[in-house]
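Chains as they are written, first to last, in UniProt numbering: chain B, 1 to 406; chain P, 1 to 279.
Don't be surprised by glycine CBs; every beta carbon is placed ideally from N, CA and C.
Since this is a predicted model, take the numbers as computed values, not measurements.
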């Protein structure tokens, strides 16, 4: 693949067609096209509407608990003996992850558009819980599509969604993971176009979703940048986030994209290794293709059939990635590296023991990379890791991996 | 230039009867069986063949067509083999139009230019690509038109009068009106609404309008055919194949024969559509 010409700024995308270079776009059935154009119109009005911004800001503060803290992880830093490690504590948000940032923004859009019903897809269940939460808060019926495999491995989150009044529909097609849940959510949307708002959980899908999800999640990076300037008087040297669809990552990265001295690293799920097919590293081992409304790097065979990935983390178990990440990869602005299941599991335990923080398995992938690089960096260097979610939901998976029954 | 689709539509117009457009999944349950189904279609009364290209993630399709696609992929079907199937069919039939229907990714990965050249050489007349709306015309629609292949567009109940001209702009061959919002294989829409919608589209275009989604019986084909230029049947055909497959995919009867029986009935339905309307 030819490297695209470097732009003056990395923060101006997407273009009017919803493209980030060759990535993104609106590859959807005609039935959905008018809805997507509606959403784009409503979003462009809302984003500059002071009333919309004020309502979102108030909810973020008093409901979600923002700003989330930028925390100096002293125990982990001391243990590794190199660069200073900071955690952006998205795990402390209401519902336990960054997903609430996007859900609050989108539920306000749904309200503006006069929609009557919310649907969402979920992998780990974090987005499903956040969707069910905002649906409860704003009085909407909510249907969450979740792969049957994920329903089994994330049972605490399934119960939380049900408590919140959402209907969880297990999807048995394919491997029963996030990809299949997204197909089913799209089928629901195509059928119920009149009254239904599709609350996509990641920075992927047809334009304008990648843009609007990114903008709602960019609060992470905007805060982190400001907090770092206040706490250390300078920008970080390196920022790291895990990438499944990539919403927490693009949220942290986007405000830093034009800070040329800040190294940005996205972590893909390396699963059991990139030489086989048991991973979800679409940008390291996939190639560009079209799925779920956008062109992006995908795990696929030579015939263009989408492959099922594998990750220990349900939230990273997706064969694609948000289109802006694909573009950032090709421009070279962001470096995307894989972390294996075992490395993530080790980092999960290390973080828990040295910091007293149980991270989500997704976030543990980002921590694992910091564990790799921090010891080789000088002590005056600074790393920010996006601690995108809390790990309570993963204790069953981790116990099983450690050979324990709980 | 005209394609086989244009010629066939003109001929049917002269006969004053709607076209029977039949969809089946290429490679379901295997290449040879599928080819025999394809060969049986025109003999049973199909006027236009929609040849389904299987895709792992068919987002606009219901359970029946999803399952057919997975059976085909499991049977080793690829885009290359689907084109080969069309080619083999063409050796015995140079008249019946073939429209490839499916999703964009396999074509994108195959390479658009290479695909169009190979499709043309295989006797393909048109394309229906579900996930390429007019906003993405530069991807495949415009190159296909340049290559002399029709690009058949879907219009839906959500396509309002303001949007219709955009949808119709680069459409050729015929317009495929999806009679309802939803996935393939859902219940049939209200037929009076369908007639109104066909009329609405015809105010914007001279192209034939074919109607699909939900047509399963000869009676329904007859009713829809009274107002539409063509009736598309897909899920019912795919089900006819599934019905003669056992739990392990083994054939309990001849799929081509099962499809032919169904299609013959549907063909009678469309052939009596205008007679019924005139009564």
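- Taking the CA atoms as reference points, residue 295 (chain B) sits about 7 Å from residue 288 (chain B).
- DSSP places residue 41 (chain P) within a helical segment (H, G or I) once states are collapsed to three.
- Boundaries of the beta strand (DSSP E) around residue 142 (chain B): 142 to 147.
- At least one beta carbon of chain B lies nearer than 9 Å to the beta carbon of residue 135 (chain P).
- Membership of residue 25 (chain P) in the beta strand (DSSP E) is indicated by the continuous run 19 to 25.
- Against chain P, a Cβ distance below 9 Å from residue 187 (chain B) picks out 59, 60, 61, 62, 182, 183.
- Under a criterion of Cβ atoms nearer than 7 Å, the residues of chain P adjacent to residue 25 (chain B) are, in order, 136.
- By the Cβ-count criterion, residue 155 (chain B) is exposed, with fewer than 16 other Cβ atoms from all chains shown falling within 10 Å of its own Cβ.
- In the three-state DSSP reduction, residue 336 (chain B) falls in the strand class (E or B).
- Taking 9 Å as the cut-off, the Cβ atoms of residue 253 (chain P) and residue 244 (chain P) count as close.
- Contact annotation for residue 223 (chain B) against chain P: no contact, minimum CB-CB distance about 35 Å [criterion: below 7 Å].
- Here DSSP, grouped into helix, strand and coil, assigns residue 87 (chain B) to strand.
- Counting only runs of 3+ residues, the beta strand (DSSP E) found wholly inside the region 234 to 260 of chain B occupies 238 to 242, in chain order.
- Annotation for residue 18 (chain B): 24, 25, 26, 207 place their beta carbon closer than 6 Å to its own, counting only its chain and skipping 5 residues before and after.
- Secondary structure at residue 287 (chain B): strand, using DSSP grouped into helix, strand and coil.
- With a threshold of 9 Å between beta carbons, residue 345 (chain B) makes no contact with chain P.
- Sequence-distant Cβ neighbours of residue 27 (chain P) in its own chain, meaning closer than 7 Å and more than five residues away, are 34, 54, 72, 75, 77, 81, 82.
- Non-local beta-carbon contacts of residue 83 (chain B) in its own chain, meaning distances under 6 Å to residues more than five positions away in sequence, involve 374, 377, 381, 383 in chain order.
- At least one beta carbon of chain B lies nearer than 9 Å to the beta carbon of residue 80 (chain P).
- Residue pairing by DSSP places residue 107 (chain P) opposite no residue, since no beta bridge is assigned to it.
- Under DSSP, residue 121 (chain P) takes part in no beta bridge, so it has no partner.
- Closer than 9 Å to the CB of residue 34 (chain B) there is at least one CB belonging to chain P.
- Close CB contacts of residue 258 (chain P) within its chain, under the 8 Å cut and outside five residues either way in sequence, are with 240, 241, 243, 244 (chain order).
- For residue 105 (chain P), the nearest CB of chain B lies under 9 Å from its own CB, placing it at the interface with that chain.
- For residue 30 (chain B), a Cβ of chain P is located within less than 9 Å of the residue's own Cβ.
- Taken atom to atom, the span from the alpha-carbon of residue 66 (chain B) to that of residue 87 (chain B) is near 15 Å.
- Its chain contains 168 as the residues whose beta carbon lies nearer than 6 Å to that of residue 205 (chain P), once the 5 sequence neighbours on both sides are disregarded; these appear in chain order.
- Listed by position along chain B, the residues whose Cβ is nearer than 9 Å to that of residue 55 (chain P) are 304, 305, 306.
- Taking each of B:38, B:48, B:104, B:364 in turn and checking the Cα distance to residue 64 (chain B), the smallest one comes out for B:104.
- Beyond the five residues adjoining it in sequence on each side, residue 103 (chain P) comes within less than 8 Å, by CB distance, of 53, 55, 57, 58, 59, 129, 130, 131 in the same chain, given in chain order.
- Neighbours of residue 156 (chain P) across chain B, judged by C-beta separation under 7 Å: 30, 31.
- Annotation: Cβ neighbours of residue 291 (chain B) in chain P (cutoff 8 Å, chain order): 57, 105.
- In this structure, the straight-line span from the alpha carbon of residue 153 (chain B) to that of residue 265 (chain B) is close to 28 Å.
- When C-beta distances to chain B are compared with 8 Å, every residue of the region 190 to 209 of chain P stays at or above that value.
- Sequence-ordered contacts of the region 187 to 216 of chain B with chain P read 187, 190, 191, 192, 193, 194 [C-beta pairs closer than 8 Å].
- Burial check for residue 2 (chain P): the Cβ neighbour count within 10 Å stays below 16, so the residue is exposed.
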